[in-house]
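Notes for the one structure printed next.
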Amino acid sequence: MSEAVVRAAFTAAVDDIVLSGEAPSNESADDGSYGAPKSDEEQITQAAERAAVAGTMTLVPARARRIDERIARWAREAGVQWPPPELSAYDSNPEPEAFTPKDATVAAADIMLTGGPAITPDGLGGLFRAMQPQAGANPMASLAEYTMADVSEDVGTAVFDEEDGFALLPRGDVRDVLRELAATVPLEDLRAAWRADTSLHEWAVDLAERAEAELDAGKPGEAVTEWTLARWLPFGATYLLAELRSAPTSPADRARSSLSLLLSRQMLRDLDQRVPGCQWDLMPSLTPPPLQTLFSMRSRNSPTGV
Numbered sequence: 001m002s003e004a005v006v007r008a009a010f011t012a013a014v015d016d017i018v019l020s021g022e023a024p025s026n027e028s029a030d031d032g033s034y035g036a037p038k039s040d041e042e043q044i045t046q047a048a049e050r051a052a053v054a055g056t057m058t059l060v061p062a063r064a065r066r067i068d069e070r071i072a073r074w075a076r077e078a079g080v081q082w083p084p085p086e087l088s089a090y091d092s093n094p095e096p097e098a099f100t101p102k103d104a105t106v107a108a109a110d111i112m113l114t115g116g117p118a119i120t121p122d123g124l125g126g127l128f129r130a131m132q133p134q135a136g137a138n139p140m141a142s143l144a145e146y147t148m149a150d151v152s153e154d155v156g157t158a159v160f161d162e163e164d165g166f167a168l169l170p171r172g173d174v175r176d177v178l179r180e181l182a183a184t185v186p187l188e189d190l191r192a193a194w195r196a197d198t199s200l201h202e203w204a205v206d207l208a209e210r211a212e213a214e215l216d217a218g219k220p221g222e223a224v225t226e227w228t229l230a231r232w233l234p235f236g237a238t239y240l241l242a243e244l245r246s247a248p249t250s251p252a253d254r255a256r257s258s259l260s261l262l263l264s265r266q267m268l269r270d271l272d273q274r275v276p277g278c279q280w281d282l283m284p285s286l287t288p289p290p291l292q293t294l295f296s297m298r299s300r301n302s303p304t305g306v
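If you want it as structure tokens, here you go:
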């Protein structure tokens, strides 16, 4: 298969991305509420509203929720307080606002159409909290919410710009960014991302099966520990839940997921350029095993090149 054919297939997969309830600009409702948008802002608002009406996002699939509940029940029966009370000391937001599946659906549509400006520290924190296994403290969500307060101003503005929002994701329709990746990244990177995405789904299903087997035997061990860490860390939770939520059913699904992985890698590389001293040596402990090679970083700021 020629390179041109491969790139065309990836691009076509992006072209097929349609938000839930997204309508052509010339489509209008009988009541006029969804007429042709008069501005980009109106278009984004209408698309987000349509997405929410069409159906809300499932943040935590039923299988993952059942495993979380079984772990919590086992811990309580063993006399262990769950979630661990020690987490509270690292959460600066004891009374966060609720972040519902509808909120997540609207946010996802907004991000797809707007890019970086739609992502805020509070929005990230709310999403992390909504995905967590149990209600309670969430240090990683707090870290996102208080990014601007906890770091120096120059570092904070390098990541969250007052006008452009999340600076690591370009302003504009994310589908355009994915198309550019499909057209420009080395072909071997497309292959690597495809392989990583395939392995990611296999890892998620295997981890769920191993955790369930340990719980069935009444002997939680390595799999339950790996599951728990993955569920509380944003990178792990995001990919674990996504893979358990729905399996790729076509090559186009796999292509879209692969490009999303390459976009995440691009943002990590951009972060390394913007912020000195990133501790990339910690990445393996924060990243699902299938993504560790794809997301490996060699910092320009580290004397060891790690």
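Start counting the sequence shown at 1; every next residue gets the next number (my numbering). The C-beta atom is built at its ideal place from N, Cα and C for all residues, glycine as well. Just so we're clear, the structure is a prediction, and the values are computed from it rather than from any experiment.
Alpha carbon of residue i to alpha carbon of residue j, nearest angstrom
| i | j | result |
| --- | --- | --- |
| Pro289 | Ala204 | 10 Å |
| Ala135 | Thr100 | 13 Å |
| Pro117 | Val151 | 20 Å |
| Leu168 | Leu241 | 23 Å |
| Arg70 | Glu214 | 11 Å |
| Asp31 | Glu49 | Unreliable positioning characterises Asp31 in this predicted model, as indicated by a pLDDT of 45, which lies under 50. A coordinate reading is not provided. |
| Thr249 | Asn138 | 33 Å |
| Arg175 | Phe10 | 12 Å |
| Pro251 | Glu243 | 15 Å |
| Ala217 | Ala247 | 27 Å |
| Ser25 | Leu19 | Any answer about Ser25 is weak, because its pLDDT of 41 lies below 50 and its placement is not dependable; what the coordinates show is given next. Rounded to whole angstroms, Ser25 to Leu19 spans 13 Å at the Cα level. |
| Ala307 | Gly126 | The shown model of the chain, from 1 to 306, leaves out residue 307, and the question about it has no answer. |
| Arg309 | Leu181 | Since the displayed the chain opens at 1 and closes at 306, residue 309 lies outside it and no answer follows. |
Span of the alpha helix (DSSP H), counted from its first residue to its last, around residue i
| i | result |
| --- | --- |
| Tyr239 | 234-245 |
| Pro220 | Where Pro220 is concerned, there is no enclosing alpha helix (DSSP H), given that its DSSP letter is neither H nor E. |
| Ile111 | 101-114 |
| Ala98 | Segment: none, Ala98 is in no alpha helix (DSSP H) and carries neither H nor E. |
| Leu294 | Premise fails: Leu294 is in no alpha helix (DSSP H) and is neither H nor E. |
| Ala255 | 251-274 |
| Glu69 | 62-77 |
| Asp91 | Premise fails: Asp91 is in no alpha helix (DSSP H) and is neither H nor E. |
Opposing strand residues paired with residue i [DSSP bridges]
| i | result |
| --- | --- |
| Asp161 | Gly165 |
| Arg210 | Paired residues: none, contrary to the question. |
| Arg171 | Gly115 |
Contact belief for residue i with residue j at Cβ below 8 Å, rounded distance in angstroms
| i | j | result |
| --- | --- | --- |
| Ala64 | Ala104 | Actually they do not touch by this definition, with Cβ atoms about 15 Å apart. |
| message | Contact between the stretch 132-143 and the stretch 80-92 is defined here as three or more beta-carbon pairs at a separation below 8 Å; is this criterion met? | response | yes
| task | Determine, using beta-carbon pairs with one atom in the stretch 218-238 and one in the stretch 152-166, whether at least three such pairs fall under 8 Å. | result | no
| Using 8 Å as the threshold, is the stretch 266-276 in touch with the stretch 72-89, meaning 3 or more CB pairs across them? | no
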